[in-house]
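**Q** Residue numbers (the working numbering): 2 to 210. Questions regarding the structure given below will be posed in turn.
Structure, rendered in structure tokens:
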């Protein structure tokens with residue numbers, strides 16, 4: 002995944018002039034984007050946020066993914082000339098099956114739950130209906146409540162440690178995995194099917210709802 006800003010104009014001459022202005026320290030990328038870019042992202046200072054491969058046009062994607070953070074690169078696409086400022090690179094989330102989770106951390110699991118970080122992103126009310134042990138509850142709908150602790154590192158989450166995220170069916174957890182990847186977590190895995198699939202396939206003592 003990559004986070005980037007860009008400026009889109011019609012001519013190479015203009016993109017070269019903008020690039021030179023930035024190199025000379027005579028302008029701010031976001032301000033210039035608002036002033037001259039023809040892309041709707043200009044209202045956000047050219048900020049495109051985070052995106053995966055196969056989202057942008059090929060030329061833009063290759064430039065964004067192949068250059069390190071801090072780079073300012075020009076590239077031509079079918080839409081015109083782009084000046085791309087690469088902000089950050091992040092890791093895309095992977096997945097884990099309920100079979101693997103059960104084998105490793107179920108009743109007769111082979112792995113120590115403390116060897117990974119287990120996050121349940123369901124709402125607090127859902128925990129009363131069904132839950133699995135050793136999961137830290139960080140409800141997506143209550144982000145404002147735990148955001149400061151997360152941003153300040155007070156939740157004691159390690160960015161390079163294997164992190165498994167669970168929700169009801171695996172949809173919210175996929176979004177949460179993307180959120181973690183965007184914040185620099187490098188080994189994030191989404192539980193396919195969520196706790197619902199776990200209850201149906203691995204442990205029928207876990208309540209379904």
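Virtual Cβ for every residue (Gly too), placed ideally from N, Cα, C.
Using alpha carbons as the reference points, say which of 23, 12, 150 lies closest to residue 71.
**A** Residue numbering aside, residue 71 sits at position 70 when the chain shown is read from its first letter. Looking at the Cα atoms, 23 is the closest of the given residues.
**Q** If you draw a straight line from the alpha carbon of residue 45 to that of residue 6, how long is it in whole angstroms?
**A** For this step, residue 45 is matched to residue 44 along the chain shown. For this step, residue 6 is matched to residue 5 along the chain shown. Taking the straight line joining both Cα atoms gives about 9 Å.
**Q** Quick one: grab the DSSP three-state call for residue 176.
**A** The residue you call residue 176 lines up with position 175 of the chain shown. The answer is helix: DSSP assigns residue 176 an H, G or I state.
**Q** Would you decide whether residue 50 is buried or exposed? Buried here means 16 or more other CB atoms lie within 10 Å of its CB.
**A** Locating residue 50 in the chain shown gives position 49, counting from the first residue. Residue 50 should be labelled exposed.
**Q** According to the Cβ coordinates, are residue 209 and residue 162 closer than 8 Å?
**A** Numbered from 1 along the chain shown, position 208 holds the residue referred to as residue 209. Numbered from 1 along the chain shown, position 161 holds the residue referred to as residue 162. Contact: no.
**Q** Does the separation of the CB atoms of residue 99 and residue 85 fall below 8 Å?
**A** Taking the first residue of the chain shown as 1, we reach residue 99 at position 98. Taking the first residue of the chain shown as 1, we reach residue 85 at position 84. No.
**Q** Mapping the DSSP letters down to three states, classify residue 203 as helix, strand or coil.
**A** Walking along the chain shown from the start, residue 203 turns up at place 202. Coil at residue 203, not helix or strand.
**Q** Just to confirm the assignment, what range does the alpha helix (DSSP H) spanning residue 20 have?
**A** To locate residue 20, count along the chain shown from 1; it is residue 19. Run containing residue 20: 13-24, per the alpha helix (DSSP H) assignment.
**Q** Can residue 3 and residue 80 be called in contact, C-beta distance under 8 Å?
**A** Here residue 3 refers to the residue found at position 2 when the chain shown is read from its first residue. Here residue 80 refers to the residue found at position 79 when the chain shown is read from its first residue. Against a cut-off of 8 Å, the Cβ pair of residue 80 and residue 3 comes out as no contact.
**Q** By how many angstroms is the C-alpha of residue 36 removed from the C-alpha of residue 189?
**A** What you label residue 189 is simply residue 188 of the chain shown in a count that begins at 1. What you label residue 36 is simply residue 35 of the chain shown in a count that begins at 1. The alpha-carbon atoms of residue 189 and residue 36 are separated by roughly 38 Å.
**Q** Pick helix, strand or coil for residue 94, following the three-state DSSP scheme.
**A** The residue given as residue 94 occupies position 93 in the chain shown. Correct three-state label for residue 94: coil.
**Q** Report yes or no: do three or more beta-carbon pairs, one from the stretch 149-156 and one from the stretch 195-210, lie closer than 8 Å?
**A** With a cut-off of 8 Å, the stretch 195-210 and the stretch 149-156 do not count as touching, because too few Cβ pairs lie within range.
**Q** Touching or not, the stretch 6-22 and the stretch 101-114, by the rule of three or more beta carbon pairs under 8 Å?
**A** No, the stretch 6-22 is not in contact with the stretch 101-114.
**Q** Determine the contact status of residue 134 and residue 122, defining contact as a CB-CB distance below 8 Å.
**A** Position 133 of the chain shown, counted from the start, is the residue given in the question as residue 134. Position 121 of the chain shown, counted from the start, is the residue given in the question as residue 122. No, the Cβ-Cβ distance between residue 134 and residue 122 is not below 8 Å.
**Q** Taking the beta strand (DSSP E) that residue 160 falls in, what are its first and last residues?
**A** Mapped onto the chain shown, residue 160 falls at position 159. Per DSSP, residue 160 belongs to no beta strand (DSSP E) and is neither H nor E.
**Q** Report yes if the CB atom of residue 166 is closer than 8 Å to the CB atom of residue 120, and no otherwise.
**A** On the chain shown, residue 166 is found 165 positions in, with the first residue counted as 1. On the chain shown, residue 120 is found 119 positions in, with the first residue counted as 1. Yes.
**Q** Could you tell me which uninterrupted alpha helix (DSSP H) segments, each at least 4 residues in length, are contained entirely in the stretch 94-120, listed from first to last along the chain?
**A** Here the runs fully enclosed are 99-106.
**Q** Hey, quick one: how far does the alpha helix (DSSP H) through residue 126 stretch, first residue to last?
**A** As a first step, residue 126 is located in the chain shown; it is residue number 125 there, counting from the start. 125-128 is the span of the alpha helix (DSSP H), which, as asked, contains residue 126.
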